[in-house]
Amino acid sequence: MKTEELNKARAIYYGLFCSLFSFIDNNKEYENIERIIELLSNSPIDEHSKEALNKMNEFLKAKGFDGLKEENNQVFFSPSTSYIPVTASYYNEDRDDGQKRVEMTNIVLKSTFRKNTISFKDAEDHISFILNFIQKLIEEDLENIENPLVLECFSNILNGFIDLFINFVYKHEESDFYKNSAILLKVFIELERALLNVEKPKEHKRRTQHELFHKKRKEFVKRAKRNFDEVTSL
């Protein structure tokens, strides 16, 4: 596959995960997710991703927008289910608004993009913002696999916590669609590590969802984000 084609595919994956880990609340966003999953199903990365995409497709055909919206809420936003942290700072320091937010903000400032503060109210080290930012960087530089800012963002921010995030999503008691999303993300992250020549972290903080759940949660705030709107160009 040519570099430009490979980067277009990478950008599509980053965009999909950005949408899936944000608050899903309208049909247009759902239709975009459905379309991308169908597209990726035609050329899966491997057998594991093929099976995951097929199951994600089956879920959407059976339960539609309402089913995805409900599971999205139960997995990421409901105060009655196990808590999944969504910021790099939380995985690094057991709190939001930590050093990883500062690092991520500094990376953003090196680029031609900025956070859209009108449509995205969360921190710069939120999983969805990180994914959307990398997507934009790739789309801006389709001829280059090792874009320096992509490499810096992936290796210094995303790589350090993404495995724990995947594990929490996969094991969440309400995960059905998202269990397969976690499998797909795991396959994709391993591919990214190979492309960018970045090693998987040797050690992680080993915490259970029980420990995280019993920490004080932030009050629920409805996300106003829409797909591809978190990051804007200067």
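Sequential numbering of the sequence shown, starting at 1104, is according to the working numbering.
Using N, Cα and C, we set each Cβ at its ideal position, and we do this for glycine too.
| Asked | Found |
| --- | --- |
| Residue(s) in a DSSP beta bridge with His1229 | Thr1190 |
| Exposure of Gln1238, with buried meaning 16 or more beta-carbon neighbours within 10 Å | buried |
| Buried or exposed by the 16-neighbour rule on C-beta atoms within 10 Å, applied to Met1104 | exposed |
| Start-to-end residues for the alpha helix (DSSP H) that takes in Arg1138 | Asn1130 to Ser1144 |
| Assigned exposure category for Glu1249 - 16 Cβ within 10 Å defines buried | exposed |
| Burial state of Glu1141, where buried means 16 or more other Cβ atoms lie within 10 Å | exposed |
| Spatial distance of Ala1247 from Ile1233 (CA atoms) | It should be noted that the sequence gives Asn, not Ala, for residue 1247. Spanning the two alpha carbons is a distance of roughly 19 Å. |
| Contacting residues, own chain, Cβ-Cβ under 6 Å from Lys1158 (five flanking each side not counted) | Asn1283 |
| Endpoints, the alpha helix (DSSP H) within which Thr1208 is located | Gln1202 to Leu1212 |
| Proximal residues to Leu1245 (C-beta, below 6 Å), its chain only, five neighbours per side dropped | Glu1107 and Asn1110 |
| Beta-carbon proximity check, Asn1270 vs Val1301, cutoff 8 Å | no |
| Alpha-carbon spacing of Asn1129 relative to Phe1223, whole angstroms | 16 Å |
| Test item: CB-CB of Ser1278 and Val1178 under 8 Å | yes |
| Pro1188 beta carbon near the ligand SAM (any heavy atom closer than 7 Å) | Ligands are entirely absent from the displayed structure, and the ligand SAM is therefore not among its contents. |
| Host alpha helix (DSSP H) of Asn1110 (start-end) | Thr1106 to Leu1123 |
| For Pro1182 and Asp1149, the rounded distance between their alpha carbons | 35 Å |
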